[in-house]
Every structure is written in C-alpha cells, then in structure tokens.
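Take a look at the structure below.
Number of protein chains: 2
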Amino acid sequence: MPSYPGVSQHVTRRLPRYYHHLTQLERNGTERISSREFAEMIGFTASQIRQDLNCFGGFGQQGYGYNVTTLRAEIGRILCVDKAHPAIIIGAGHLGFALASNMKFGYCGFRLVGIFDVSPELIGQEVAGCTIRDAAQLKSFCLEHKPMIAAICTPSRVVPELVNTLAELGLKGFWNFSQCDISNFFSGDMVVETVQLSDSLMNLGFNLNSKLENT
Amino acid sequence: MPSYPGVSQHVTRRLPRYYHHLTQLERNGTERISSREFAEMIGFTASQIRQDLNCFGGFGQQGYGYNVTTLRAEIGRILCVDKAHPAIIIGAGHLGFALASNMKFGYCGFRLVGIFDVSPELIGQEVAGCTIRDAAQLKSFCLEHKPMIAAICTPSRVVPELVNTLAELGLKGFWNFSQCDISNFFSGDMVVETVQLSDSLMNLGFNLNSKLENT
Chain V
94 MPSYPGVSQH
104 VTRRLPRYYH
114 HLTQLERNGT
124 ERISSREFAE
134 MIGFTASQIR
144 QDLNCFGGFG
154 QQGYGYNVTT
164 LRAEIGRILC
174 VDKAHPAIII
184 GAGHLGFALA
194 SNMKFGYCGF
204 RLVGIFDVSP
214 ELIGQEVAGC
224 TIRDAAQLKS
234 FCLEHKPMIA
244 AICTPSRVVP
254 ELVNTLAELG
264 LKGFWNFSQC
274 DISNFFSGDM
284 VVETVQLSDS
294 LMNLGFNLNS
304 KLENT
Chain W
94 MPSYPGVSQH
104 VTRRLPRYYH
114 HLTQLERNGT
124 ERISSREFAE
134 MIGFTASQIR
144 QDLNCFGGFG
154 QQGYGYNVTT
164 LRAEIGRILC
174 VDKAHPAIII
184 GAGHLGFALA
194 SNMKFGYCGF
204 RLVGIFDVSP
214 ELIGQEVAGC
224 TIRDAAQLKS
234 FCLEHKPMIA
244 AICTPSRVVP
254 ELVNTLAELG
264 LKGFWNFSQC
274 DISNFFSGDM
284 VVETVQLSDS
294 LMNLGFNLNS
304 KLENT
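Protein sequences, first through last, are from chains V and W.
Going left to right, the first sequence walks through residues 94 to 308 as the numbering used here numbers them.
Going left to right, the second sequence walks through residues 94 to 308 as the numbering used here numbers them.
See the structure below:
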C-alpha cells in the first residue's frame, strides 16, 4: 500500500464514508456520479469531495464525474479493504457479542479469528462462527494465529494489563471501546482507534440543547 | 443554556473529552491543572486547549492554570449534563442491551426511560432497571413519557419508517447505530448523531496499514 504522509487525518477519516456510499451506488447499478450528486448523497459539499479525492490523485473527469466502480476500487485500495488482517475480540459481553455478530469485518479489511472472555457461562458459546474461548488461552492462541488487532470490550480496570500483554504478544492495533485512555500507553508504535460512546451521546445532547434553545 | 452559534463543531465535539478528563481529575482530588499538564493528559496541544476554551469565555488564569472543579462545572453547564432528558432505546439485541447496561445516560445529560423490541423472547426481560417493552406500545409510551431522543439499534431496513414514526411522536433527536443514513431524512429540524462503527474500524485499518508500510 502506498502511504500518504501529507494527508491529514480529517481527510482520511472521511474515506470510509465515500467507500460506503460508493458500495451502495454500485449495488444499485449506478455507473457514474457527479461530485454534486455525490455531495448531496453524503451530505458534504462538492468542493470538499473534490479536495479530499485530489489528495489521493483525483479520479474524476471534468464534465463526466466519477466512475463509481473505479472510484470504489481506488478508495478500497487506499483503505486496504482486501487485507483480511486477523482480528480478535476481548470480552464477549453484550458489546463484544454485538460486534462479533453485526460487524462486517471482511468489508473493513479484517477477519474475525477469535473471541475471548473469562466468564464460564460465555466460554464455549458460538458467535459469528467463532467459539468464545477462555481468556487463559489468549497467549497460545496469539502465538498460533498472530492476530493484528484486538477489539477491547472489557471493563476498564483490566485494560492496562490486558493491552500490555497483547502488545507483548505482537498485536499492532487496538479498537478500544473501554473508557480507559490507552493511546498514551504506547509511544507511537501501536495504532489505537477509540470509540467514545459517551462523547457521542454528550455531543448529541449539546446539539439537542442548542436546537431547543433556538426554537 | 446559552447557545454558541459561532463555535465550530470541531471545537464542541472536543468538550466531552475535556469533561471526561476533568471528572477523572476531580475524582482524584486534583484542584488545579496547567494547560500544559492538561494537554499531556488528553493528548491535545496546550494551545489547542486554550483556543477551544476561549471560544466559551476562557476560564483559565495566567500562571495559575485551570481550577478543576470550576472548569468541570462550566463545561458541564455548556454540555447541559444536568438536563436528564428522557431517552429510549429501540432494539434490545446485543447492541441495545449493551447500551442500556453500560452507558451512563445520567452522566451525559439523559435518563433512560424505556427500551423496546419486537422479539417475544426479549419482551419482558429486565435491563438497567427497565423492562423491555413490545414495540407495539411505542406510540402510547411516547405520548405519556415524551422521550426526547431514541437510540436506534434496529436492523437498517426498518429504520426509515421507524424514525418517521418517532419524529411524528415528538422525538427531537436520534442516536443512530444503524447503517441507514437518516441525517438527510429531516430538513434540519432533528438532531442526529450517527455512530459509524464500520468507518471507525476502516480508519483503524488505514492507520495500521500506513504504519506497517512505514516500518
């Protein structure tokens, strides 16, 4: 994969949105789309879309717009959606279970290879073609299957020790759903994506209250 | 609540992070913190923090830093965390169940008043002090309890009809976990916060692949 050192995270974070909408368009049989139509569909401005895509080389043609299949393939290549990196989930409570059963790991460039918990009631259950394993087997499993990332769906108190163990076992990234801020634990040698659901809900609250105030 | 019409969403979206870290600091008994120390803790720059907080009036004192309790209270006031707006969850599968049992609605300015599903196996179960109700009771429930927002945890195919019904029943906002893009359904009269978990996972993949490429 070519890397894009000059491109800001603000831009790269929008790529999955483009990819998602292009996937929908391709599924509906749309062959090409203007940046204006694409903008209306996504809710960005046409100029934003052109600027974003120009960071990676453009892909559009003046007066023609974008070829949906080509653009989808290009963005998929940039996002490396064909890598199928092995991924594991730690914590098979409702959240971990929801991720295992609902997330399209393959679509996002990963494949789910294992899910772990410490609870005897959960160990042995099946979800998304994986048997929930005893967390005590984590080390031997990682040595054999070499997962690249782990989704962290455990209580916060166990997270510091857990992520250090996983880093020692060779994992390269974390999809962090805990309240524990792990991005400061590793000095740049680990990729961390944190999903802060409480921040998201508070943001909804802020926008709701602003709206109520102004009506 | 005063509204902040000139302040960008990039800034307001960072307020929950500040609030979260100030809550931790207050819990640990920290009375004041410099913008430099606060920056290290959060992973922003000190200048970013000063700029962000200046949008709402400042709150810091040259040479003293920030008073933790005062700043937390001010940001809490901006975020309206004391409102306790009634909220419901639609869909009591693993994701809805996880939100009901793990999310601190009160901390975020809401209170969970109901959770709904169509599945006979789920209806009647208890979660977080709420009994899972039959979605057929949604209308009468909303007329009585007047929820302000709904977390949408249903399959995408039912979302368009569902959110229109909820809007007619007087709801003002949606916390959307479905793949269905509902922000375009309403012309500005509805607040929508969408959690795109697949975008988040793809972003992790992009950063992981960039890192692998450069090492």
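Backbone N, C-alpha and C fix where the C-beta goes; we use that ideal spot for every residue, glycine too.
None of the values given here were measured: they were computed from a predicted structure.
Under a three-way DSSP split, which group does residue i fall into?
i	result
V/Arg106	coil
V/Glu214	coil
V/Leu290	helix
W/Phe279	coil
V/Cys223	strand
V/Pro179	strand
V/Gln154	strand
V/Leu305	helix
W/Pro95	Note on W/Pro95: pLDDT 48, under 50, position unreliable in the model; the coordinate value appears next. In this structure, W/Pro95 counts as coil in the three-state DSSP scheme.
W/Tyr200	coil
W/Val256	helix
V/Val251	helix
V/Val68	Outside the shown range of chain V (94 to 308) lies residue 68 of chain V, about which nothing can therefore be said.
W/Leu264	coil
V/Gly298	helix
V/Gly207	strand
V/Ala229	helix
V/Ala357	A query on residue 357 of chain V cannot be resolved here, the shown segment of chain V reaching from 94 to 308 and no further.
V/Asn147	helix
V/Asn160	strand
W/Asn269	strand
V/Met134	helix
Can you find the residues in the same chain that come closer than 7 Å, C-beta to C-beta, to residue i, ignoring five residues on each side of it along the sequence?
i	result
W/Ala229	none
W/Ser276	Val285, Thr287
V/Pro179	Arg204, Val206, His238, Lys239, Pro240, Met241
W/Pro95	Only weak support is given to the placement of W/Pro95: the predicted model assigns it a pLDDT of 48, under 50, and the question is left unresolved by the model.
V/Leu192	Ile182, Ala244, Cys246
V/Ile216	Asp210, Ile225, Arg226, Asp227
W/Gly136	none
Taking C-alpha atoms, which residue in the options lies nearest to residue i?
i	options	result
W/Gly207	W/Phe234, W/Val284, W/Pro248	W/Phe234
V/Leu146	V/Val220, V/Ala185, V/Tyr97, V/Val174	V/Tyr97
V/Arg129	V/Cys148, V/Phe149, V/Gln155, V/His113	V/Gln155
W/Asp274	V/Ser101, V/Met134, V/Gly99	V/Met134
W/Gly150	W/Ser194, W/Asn121, W/Lys176, W/Gly99	W/Gly99
W/Ser194	W/Asn300, W/Leu262, W/Cys223, W/Asp292	W/Cys223
V/Leu264	W/Ala166, W/Ser212, W/Leu301, W/Gly263	W/Leu301
W/Ala185	W/Gln218, W/Asn307, W/Cys148	W/Gln218
W/Gln272	W/Glu214, W/Asp292, W/Pro213	W/Asp292
Please say whether residue j and residue i have beta carbons closer to each other than 8 Å?
i	j	result
V/Gly189	V/Cys246	yes
V/Leu108	V/Leu164	no
V/Val285	V/Gly266	yes
V/Phe278	V/Pro253	yes
W/Leu294	V/Met196	yes
W/Phe209	W/Ile183	yes
W/Cys201	W/Val174	yes
V/His187	W/His187	yes
For residue i, which residues of its own chain have a beta-carbon under 6 Å away from its beta-carbon, when the five flanking residues on both sides are left out?
i	result
W/Gly153	Tyr159
V/Thr105	none
V/Tyr111	Ile168
W/Leu255	none
W/Ala132	Thr138, Ala139, Ile142
V/Leu305	none
W/Lys176	Gly202
So is residue i buried or exposed if we call it buried at 16+ other beta carbons inside 10 Å?
i	result
V/Ser249	exposed
W/Lys239	exposed
V/Arg170	exposed
W/Leu236	exposed
W/Asn257	exposed
V/His103	exposed
V/Ser303	buried
V/Asp282	exposed
W/Asn296	buried
Can you list, in chain order, the residues of its chain with a C-beta nearer than 8 Å to that of residue i? Leave out the 5 residues immediately preceding and following it.
i	result
V/Val161	Leu115, Leu118, Glu119, Thr123, Glu124, Arg125, Ile126
W/Leu290	Phe270
Verify the contact flag: residue i, CB atom, against every heavy atom of the ligand GTP, threshold strictly below 7 Å.
i	result
V/Val251	Among the components of this structure there are no ligands whatsoever, and the ligand GTP is therefore not found.
(request) Return the residues of the region 178-203 of chain W that lie within a Cβ-Cβ distance of less than 8 Å from chain B, sorted by chain order. (result) As a matter of chain content, chain B is missing from the structure shown, whose protein chains are V and W.
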